[in-house]
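Take a look at the structure below.
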Amino acid sequence: MKTYLSLGAGVDTTAILLMPDVMDKTDFVMFADTGGENPETYAYLNKYIKPYLEQIGKPLIVVHGEEKVRGEIKTNMEEAYLGWNIIPVRFLRHCTDKWKIKPMHKYLTETYPEEKLKVIIGFAYDEIQRVNSTRWKDQEVWYPLIEKKMTRDDCVRYILSKGFPIPPKSGCFYCPFQRLDQWKELRFKHPDLWQRAIILEKNGSHYPQMTLSNFKKKGSPLTLEDVDKQLGKSLYDYEFDPAEEECSGACMT
Ligand code: SF4
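The letter at position 40 of the sequence shown is residue 47 when you use my numbering, and the numbering goes up by one with no holes.
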């Protein structure tokens with residue numbers, strides 16, 4: 008049996024990485040990279056996670072989705088969605104399925120065709136409602152944080168107690184499950200990425216009815232461009248419906 012940690016590079020899975028009792032039973036760590044993580048997440052991966060895994064002797068396997076878009080293979084989700092004229096949407100999970108689950112399954116079935124697999128998922132104790140083992144088909148699923156009754160805040164404290172900084176929120180910069188403060192951070196800290204999110208949204212064939220964010224005005228959806236036009240106005244001044252669910256569990260963000 009091979010046991011691997013499905014790394015989201017956020018708080019939950021970083022806490023697990025630092026748990027010797029779990030990592031002793033882990034053969035490798037796997038990260039599905041959509042190509043759209045925020046620069047801070049890539050920096051944290053390079054500065055803290057990769058050197059730490061090297062130090063404890065656990066391989067990090069990075070996989071990418073691979074989709075044919077108008078005759079061309081794309082390994083970057085943003086480029087693929089631009090080519091398909093679609094956007095990731097909250098009520099469909101094609102982004103997670105195609106760019107997280109599928110590349111992981113492909114790697115695992117090709118590399119371990121006969122082996123039984125156990126996947127470690129980093130849901131915290133206060134995220135127990137996200138548990139959905141059906142995504143993992145015939146793999147065993149292990150939830151160490153739920154087993155240990157560790158909430159997200161416990162994970163933060165644990166990471167700090169181990170001398171590591173808190174990782175930034177992971178996930179695609181155009182993710183439709185972002186909270187208001189994440190869109191705000193993107194708008195003001197990464198104006199280039201914010202503009203790319205606007206382009207991605209506008210390129211969708213159902214624009215402007217279908218939007219990436221859930222900004223609203225008098226109950227009607229606002230596009231990121233609508234929001235952007237009001238430069239200087241605080242994003243907190245808009246109506247904003249938090250997503251009912253978070254980025255799918257498979258993303259572990
Ligand atoms: S982080 Fe968001 S956009 Fe990226 S794969 Fe997950 S749900 Fe989709």
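Ideal placement from N, C-alpha and C gives every residue a C-beta, glycine not left out. Note that the structure is a prediction, hence the values are computed from the model and not measured.
Query: Alpha helix (DSSP H) segment containing residue 191, residue limits; Result: 187-196
Query: Sequence-distant residues of its chain with Cβ nearer than 8 Å to residue 65 (five each side left out); Result: 30, 33, 34, 35 and 36
Query: Residue environment, residue 63, which counts as buried when at least 16 other CB atoms sit within 10 Å; Result: exposed
Query: Supposed close pair residue 128, residue 148 - CB separation, criterion 8 Å; Result: 6 Å
Query: Cβ-heavy atom distance, residue 162 to the ligand SF4, below 7 Å; Result: no
Query: Residue 176 CB to nearest heavy atom of the ligand SF4 below 7 Å; Result: no
Query: Residue 225 to residue 154 span [Cα, whole Å]; Result: 43 Å
Query: Same chain only: Cβ atoms within 6 Å of residue 246, ignoring 5 sequence neighbours per side; Result: 223
Query: Straight-line gap, residue 251 to residue 184 (C-alpha atoms, nearest Å); Result: For residue 251, the predicted model reports a pLDDT of 49, less than 50, meaning its position is unreliable; a value from the coordinates is still stated below. Near 9 Å, if we compare the C-alpha coordinates of residue 184 and residue 251.
Query: Buried versus exposed, by CB contacts within 10 Å (16 or more), residue 28; Result: exposed
Query: Rounded straight-line distance, which links the Cα of residue 86 to that of residue 208; Result: 12 Å
Query: Check whether residue 125 and residue 8 have beta carbons under 8 Å apart; Result: yes
Query: Distance between residue 78 and residue 195 (C-alpha atoms, nearest Å); Result: 36 Å
Query: Proximity of residue 56 and residue 12 at Cβ, strictly below 8 Å; Result: no
Query: Which listed residue (109, 156, 151 and 229) has its alpha carbon closest to that of residue 144; Result: 109
Query: heavy atom of the ligand SF4 below 7 Å from residue 95 C-beta; Result: yes
Query: Sufficient close CB pairs (3 or more, under 8 Å) joining the region 208-220 to the region 85-105; Result: yes
Query: Ranges of the beta strand (DSSP E) found wholly within the region 14-86, counting only runs of at least 3; Result: 35-39, 67-70, 74-76 and 79-81
Query: Residue 236 - containing beta strand (DSSP E), residue span; Result: Looking at the DSSP string, residue 236 is not in any beta strand (DSSP E); the run it does join, the alpha helix (DSSP H), is 231-236.
Query: Extent of the continuous beta strand (DSSP E) run through residue 147; Result: 147-149
Query: Secondary structure of residue 114, DSSP reduced to three states; Result: helix
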